[in-house]
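Only one structure is covered here, and it is reproduced in the block below.
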Amino acid sequence: MVDLAAVIGEQLECPICFQTPRDPPIFQCENGHLVCAGCKPKLANGKCPQGNCLLQRQRSRLAEKLLEKADLPRPCKYAVIGCFHEDKMATLPKHEADCGFRSVVCPDLDCVDRVAERDVLSHLIEEHAMIDLEKTLKIDKALDECLWVVNGDDCRVRSVDKTWPVSVFKCDGFVFFAVLTKPKSNGLWHAFLQMLAPKSLSETYSTEIRLASIDGDSSVVFNGSVHAVDRDSKRVIASGDCLSFTDAFVARLLRPFPEEQREAEDDDELKYLLKLDYSVQKKQ
Ligand SMILES: [Zn+2]
Ligand SMILES: [Zn+2]
Ligand SMILES: [Zn+2]
Ligand SMILES: [Zn+2]
Numbered sequence: 016m017v018d019l020a021a022v023i024g025e026q027l028e029c030p031i032c033f034q035t036p037r038d039p040p041i042f043q044c045e046n047g048h049l050v051c052a053g054c055k056p057k058l059a060n061g062k063c064p065q066g067n068c069l070l071q072r073q074r075s076r077l078a079e080k081l082l083e084k085a086d087l088p089r090p091c092k093y094a095v096i097g098c099f100h101e102d103k104m105a106t107l108p109k110h111e112a113d114c115g116f117r118s119v120v121c122p123d124l125d126c127v128d129r130v131a132e133r134d135v136l137s138h139l140i141e142e143h144a145m146i147d148l149e150k151t152l153k154i155d156k157a158l159d160e161c162l163w164v165v166n167g168d169d170c171r172v173r174s175v176d177k178t179w180p181v182s183v184f185k186c187d188g189f190v191f192f193a194v195l196t197k198p199k200s201n202g203l204w205h206a207f208l209q210m211l212a213p214k215s216l217s218e219t220y221s222t223e224i225r226l227a228s229i230d231g232d233s234s235v236v237f238n239g240s241v242h243a244v245d246r247d248s249k250r251v252i253a254s255g256d257c258l259s260f261t262d263a264f265v266a267r268l269l270r271p272f273p274e275e276q277r278e279a280e281d282d283d284e285l286k287y288l289l290k291l292d293y294s295v296q297k298k299q
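Residue numbers for the sequence shown follow my numbering, so the first one is 16 and each next one is one higher.
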């Protein structure tokens, strides 16, 4: 008995990437050789790789129909950058939403690079000189107590975007990013927690972010979502799912920067510390 699906799979395999086409269109040359839509643009000379035959915009409806009906396992859309995963169309999108090869924005808000999720930590180590990161991530903790250094005029200046270097920690074996930012667009301060994971995982966690004065007389506590690393800061802030507060509130909570920690080259500008606690809970 011939395994028809296997035969169709073999026949549809693209001669350039050696994979089953992920989606239509499937192109064919004047002699009926097939090329997938991803590889066709690479053939700059318009010639088919199998016989140097003329390859134009002609599609093979038969191949496209067989691809659809045979329900063959297709390669992940990140195959070109190294993912070897294959899945049937019903479950492939779920894999692709979680695939470690998908690109995300760097969690350091001053950086505009997009990197594969699986490369984020090495990107931080190499491009952001976070040389202690591997050591930091050996410790698992459910609470990241951040002391952000705030300049005297951070509570007044609204003409520039201000972001603080991201704080990275590990909880439950996963990596989290504690973020503090003050975009000029709205003049508010925003604190939120991101997770180096896709949404399907980040939504199984929640966060509590606490901002409090040194004497404990004033505080504000936020309970909300942990954001997937796929979600950039603009979208987090627009969603309202973060701790937001005003200049006046920060001004009440600042504590003086310890004199002994000031370095000689520090300018005369007054520095303060702002304490924010970011904690992670696994949802029940
Ligand atoms: Zn191909
Ligand atoms: Zn050909
Ligand atoms: Zn993949
Ligand atoms: Zn970066």
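Ideal Cβ positions, reconstructed from N, Cα and C, are used throughout, including at glycine.
Check: Which residue marks the beginning of the beta strand (DSSP E) containing histidine 48, and which one marks its end?; Outcome: Taken as a continuous stretch (DSSP letters only), histidine 48 belongs to no beta strand (DSSP E), as it is neither H nor E.
Check: Let me know if isoleucine 146 comes out buried or exposed under the rule of 16 or more other beta-carbons within 10 Å of its beta-carbon.; Outcome: exposed
Check: Helix, strand or coil for arginine 173 per DSSP?; Outcome: coil
Check: Run the Cβ filter for me: residues under 5 Å from any heavy atom of ligand 3, listed in the order they occur in the chain.; Outcome: Cys91, Tyr93, Cys98, His100, Cys114
Check: Measure the alpha-carbon distance for proline 198 versus lysine 177 and round it to whole angstroms.; Outcome: 6 Å
Check: Going along the chain, which residues of its own chain have a beta-carbon closer than 7 Å to the beta-carbon of glutamine 73, five neighbours each way excluded?; Outcome: Phe42, Gln43
Check: What residues sit near ligand 1, counting only those whose C-beta is closer than 7 Å to one of its heavy atoms, in chain order?; Outcome: Cys29, Ile31, Cys32, Gln34, Pro36, Val50, Cys51, Gly53, Cys54
Check: Three-state secondary structure (DSSP) at glutamate 218?; Outcome: coil
Check: Between the Cα of serine 228 and those of Asn201, Phe264, Lys249, Arg246, spot the shortest distance and give me the residue it belongs to.; Outcome: Phe264
Check: For the stretch 94-137, which segments carrying the alpha helix (DSSP H) assignment without a break, of at least 4 residues, lie completely within its bounds, in sequence order?; Outcome: 107-113
Check: Under the three-state reduction of DSSP, which class applies to threonine 151: helix, strand or coil?; Outcome: helix
Check: Beta-carbon within less than 7 Å of cysteine 186's beta-carbon, same chain only, minus the 5 sequence neighbours each way: which residues are those?; Outcome: Asp155, Lys156, Ala157, Val295
Check: Leaving out five residues on either side along the sequence, give the residues of the same chain with a beta carbon under 8 Å from the beta carbon of proline 56.; Outcome: none
Check: With ligand 4 as the reference, list in chain order each residue whose Cβ lies under 6 Å from any of its heavy atoms.; Outcome: Cys121, Asp123, Cys126, Asp128, His138, Glu142, His143
Check: What number of angstroms, rounded off, separates the C-alpha of valine 130 from the C-alpha of proline 90?; Outcome: 21 Å
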